[in-house]
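Working notes, beginning with the structure itself.
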Amino acid sequence: IKKSFADAPQETLLVLDATTGQNALSQARLFNEAIGITGIALTKLDGTAKGGIIFAIKKELNIPVRLIGIGEKIEDLRDFNPEDFVKALFE
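Numbering (our numbering), first residue to last: 1187 to 1277.
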């Protein structure tokens, strides 16, 4: 992509399943060391998973969450809103 669109913004997202739990932190560490991550897409928030591991990832690696997935389709991806996310944790 960089060759064809050198001036376009580039992003490297790590897609994490919200049901992964503590293993997500290890995955984020390893992927960040290997390729450098610029953001996270947190999926499967449509079930019972809360995705609280993102707080540890943000604290340790300072990688922001960019997107959340609340279903199975591309239309179910949403921009991450931290305030809405925290509210949902306590519902």
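Just so it is clear, CB atoms sit at the ideal spot from N, CA and C, and this is done for glycine as well.
Here the structure is a predicted model, which means the values were calculated and not measured.
| Query | Result |
| --- | --- |
| So, helix, strand or coil for L1216, using DSSP? | helix |
| What did DSSP end up calling A1227 once you bin it into helix, strand or coil? | strand |
| Does DSSP put I1254 in a helix, a strand or coil? | strand |
| Name the residue from T1229, K1245, V1272 whose alpha carbon lies nearest to the alpha carbon of L1211. | K1245 |
| Classify D1265 as helix, strand or coil using the three-state DSSP reduction. | strand |
| In terms of residues, what are the limits of the alpha helix (DSSP H) holding E1197? | That residue, E1197, is in no alpha helix (DSSP H); it is neither H nor E in DSSP. |
| Here's the rule I'm using: 16 or more other beta-carbon atoms within 10 Å means buried, otherwise exposed. How should G1279 be labelled? | The structure shown does not extend to residue 1279, since the chain is modelled only from 1187 through 1277, so no value can be given for it. |
| Could you give the distance in angstroms between the alpha-carbon of A1214 and the alpha-carbon of I1239? | 11 Å |
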